[in-house]
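According to our numbering, the sequence shown is numbered sequentially starting from 1157. C-beta: ideal position from N, C-alpha, C; glycine also. Report on the following structure.
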Amino acid sequence: MSTLNYPFSTTTLFGSTGLVGSHILNNLLSIPSVQTTTISRRAPKPASEPSPQNLTALVDADVNTWAPKLLTLSPIPHTVFSALGTTRAQAGDVASQWKIDHDLNVELAKAAKAAGVKTFVFISATRTRGWPNSSIAYNKMKNGVEDAIRDLEFENSIILKPGLIMGERKEEGRLLEGFSDKVIRGIGKVSSHAQDSLAQKGQEIAHAAVRAAEIAAEGKAPERYWILEAADIVRHGRTEK
C-alpha cells in the first residue's frame, strides 16, 4: 500500500526501547504520513538520525504518569501498540514483574479505551492457555492482559502470540533467551519450519503487528478480537506492505 493512502495517521507506542518495540517503532517511522508518539522510561533510538519529524518521544521514569499522558494526547491516537514487558530478573521478583507486565498494560489499555483509541495491539506470548500452562505466573500475566483488552471491546483488538523472540538484546537478565536463540538457530539449519513454529524474529513480529493494524484499519480484520499465532506472525511478518 502507498504510504500516502495509509489507513491511519496517529499511533502511540509503549515498549519502544525493547527488542520488538524498537522494530515496531522503525516500521512506523518508515511511514511518513503516520505520526508516532512513544512514552517510555528512556528515549528510544530510531534507526535513522537525526530523530524523524514524525516521532514525538515522551520520556518519564514514573510509569504511573503514562496512562494520564495517553489520555491527554492530541490528536487521539488511532492505534496504540504495547510491546511492554520485563523479566523477573530485571524486575527483581514476580510481584514487581506483575506490576509492569500485567497491571501497567491493563491500565494503559483502559486509558486507551477511555481516550477513544480505535485499535489496541498487544505483544503477548504463545502457549499461555490450558493446563498446566495457564497456572504459570508469567502466563497468568499475559492472559490477564489479553482478557482485559478483550473485555474493553475496542473497535479492533490485536493480540500477537509469538514463541521465543529472536534478536539482539542489550538488556541484562536476558542471558537464557540469548542461549535459546543459538539453539533455535541450530534447529533452523535442519528445519526452517520447525524454527518458525518455535521462534520468530523480533523484526518479523514487529512487521506483523504493524501489518495487522493496517489490515484492521482497512476493515479487513478476520475478527474484531484478532489473535495472531506463530504461523500468522510469520506470514504477515514476511509480507510487504
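- With 16 or more other Cβ atoms inside 10 Å of its own Cβ, Gln1253 counts as buried.
- Put simply, the backbone Cα of Asn1210 is about 44 Å away from that of Trp1287.
- At the C-beta level, Ile1314 and Thr1282 stay beyond 9 Å of one another.
- The three-state secondary structure of Trp1222, taken from DSSP, is helix.
- Along the segment 1261-1296, the beta strand (DSSP E) occurs as fully enclosed runs of 3 or more residues at 1275-1279, listed in sequence order.
- When the alpha-carbon of Glu1385 is set against those of Asp1303, Ala1355 and Ser1189, the nearest one is in Ala1355.
- Counting of Cβ neighbours within 10 angstroms places Lys1201 among the exposed residues, the total staying below 16.
- Sorting Asn1161, Glu1360 and Leu1169 by C-alpha distance to the C-alpha of Val1215 places Leu1169 at the top.
- In the displayed model, Val1366 falls within a helix according to three-state DSSP.
- In this chain, the alpha helix (DSSP H) harbouring Ser1252 covers Val1250 to Trp1254.
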